[in-house]
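The structure under discussion appears below in the form of structure tokens.
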Amino acid sequence: MFLVMYSSNNIILGKDGKYRWVYEVHLLKNYVILWEVYRVFAISAIICYFLVGCIGFCSDGLDALKMMVPNPKYVAIVIAAILVIGLLGYFLYAALNGWKYCVRFTMDNNEVVHEMMPKHAKKAQVVSTLAVLAGLMAGKPGVMGGGMLAARTTSVSTFMNVRKVKGVKRRNLIKVNERLFRNQVYAEKEDFDFVYNFICEHCPNAKKC
Numbered sequence: 011m012f013l014v015m016y017s018s019n020n021i022i023l024g025k026d027g028k029y030r031w032v033y034e035v036h037l038l039k040n041y042v043i044l045w046e047v048y049r050v051f052a053i054s055a056i057i058c059y060f061l062v063g064c065i066g067f068c069s070d071g072l073d074a075l076k077m078m079v080p081n082p083k084y085v086a087i088v089i090a091a092i093l094v095i096g097l098l099g100y101f102l103y104a105a106l107n108g109w110k111y112c113v114r115f116t117m118d119n120n121e122v123v124h125e126m127m128p129k130h131a132k133k134a135q136v137v138s139t140l141a142v143l144a145g146l147m148a149g150k151p152g153v154m155g156g157g158m159l160a161a162r163t164t165s166v167s168t169f170m171n172v173r174k175v176k177g178v179k180r181r182n183l184i185k186v187n188e189r190l191f192r193n194q195v196y197a198e199k200e201d202f203d204f205v206y207n208f209i210c211e212h213c214p215n216a217k218k219c
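The working numbering puts the first residue of the sequence shown at 11, with every later residue one more than the last.
This is the structure:
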């Protein structure tokens, strides 16, 4: 599949055939990450609940299962604890990162890479670096990977493995989900349609919404 030619003030097409752009997420305006924190907490609580039930069943049989019937009072306490701990953890994380974090994206016909920059990195710095590196010859991936703005966290979505693509335009967010892995791709308002359509066109096994 040929690479679609596209360029804007935000997205840079390098000579290596990869699109690169930077997005700065404002953690007090965009709460998508907070919902992800709650989702992880909830899944962890459910898994722990069923693990305890399985262990009890193996040791005490059906009597243990009767003890596992949820008590509304305790369920309410657990939910409240998850909400409070998740919120405190989120605001602590946001404060340590200056209430925002800078994300660099790299995308080609095969995958999209989400790279979180170190907390001291600013969008202008990363954009400037990309503008210089975009002119380098293809075949030198180590140059980008070994730059002064090395990524702290990297998430890679291989398009062939993606099962669902969901666009949330009001949040400038595209959810790229595999069976056991969820990725978040951000793009500025003026570039959103291009990035969303590009990902959809290159994910033949995905449900689009």
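The beta carbon of each residue, even a glycine, is placed where N, CA and C say it ideally should be.
Looking only at C-alpha atoms, which of Asn187, Arg181, Thr164 sits nearest to asparagine 171? Asn187
Can you tell me the Cα-Cα spacing of aspartate 201 and cysteine 64, whole angstroms? 49 Å
In this structure, how does DSSP classify glycine 27 when only helix, strand and coil are distinguished? coil
CA-to-CA distance, leucine 183 to valine 195, given in whole angstroms: 6 Å
Classify alanine 197: buried if its beta carbon has 16 or more other beta carbons within 10 angstroms, exposed otherwise. buried
What residue range does the beta strand (DSSP E) around glycine 177 cover? 174-178
With three or more beta-carbon pairs closer than 8 Å as the criterion, would you say the segment 87-100 touches the segment 45-62? yes
Inter-residue Cα distance where the pair is asparagine 211 and valine 42: Here residue 211 is glutamate; the residue named in the question, asparagine, does not match the sequence. Using only the alpha carbons, I get a separation of about 25 Å.
Kindly indicate which residue of Gly177, Ile89, Ile92, Met127 has the alpha-carbon position closest to the one of phenylalanine 204. Gly177
Is it true that the CB of tyrosine 29 sits closer than 7 Å to the CB of leucine 23? yes
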